[in-house]
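Enquirer:
In our numbering, the protein residues as written are 44 to 141.
Structure, rendered in structure tokens:
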């Protein structure tokens, strides 16, 4: 745990939510973060554009190879959603300030 939020509840360390996005040769393409408990990772469109397979590296040397079919590219927003399995990522906590 990274600490406690304003409401007093524990806040996980951000590293538990982050991945490195690489091509099959291991060249870095970008980073991403877990959006939910189901393994959805959000990254930039640029990080996945043109790749047939994507390799995600999480904390503790966990890896996941993802085919292009598991990627929803959203070039109009410069985002991509990646469906992953086996990384056991925690969603990145996001809060809005009033």
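C-beta atoms are modelled at their ideal positions from N, C-alpha and C, and glycine is treated no differently.
Assuming the contact rule is C-beta atoms closer than 8 Å, residue 91 and residue 116 should be a hit. Round their C-beta distance to whole Å, please.
Expert: Confirmed, about 7 Å.
Enquirer: Sort out for me which residues DSSP pairs residue 110 with in a bridge.
Expert: In DSSP, residue 110 forms a bridge with 96.
Enquirer: Taking DSSP's pairing of strands, which residues face residue 86 in a bridge?
Expert: 75 and 123.
Enquirer: Between residue 77 and residue 126, how many whole angstroms is the CB-CB distance? I'm expecting something under 8 Å.
Expert: The pair is not a contact, with the Cβ atoms about 12 Å apart (cut-off 8 Å).
Enquirer: Got a sec, what are the start and stop residues for the beta strand (DSSP E) residue 132 sits in?
Expert: It is not in any beta strand (DSSP E) - residue 132 carries neither H nor E in the DSSP assignment.
Enquirer: Tell me whether residue 95, by its Cβ, gets closer than 6 Å to a heavy atom of the ligand FMN.
Expert: Judged by which ligands are present, the structure shown has none, so any question about the ligand FMN falls away.
Enquirer: Under 8 Å Cβ to Cβ from residue 118, same chain only, skipping five residues before and after it: list those, please.
Expert: The residues are 88 and 92.
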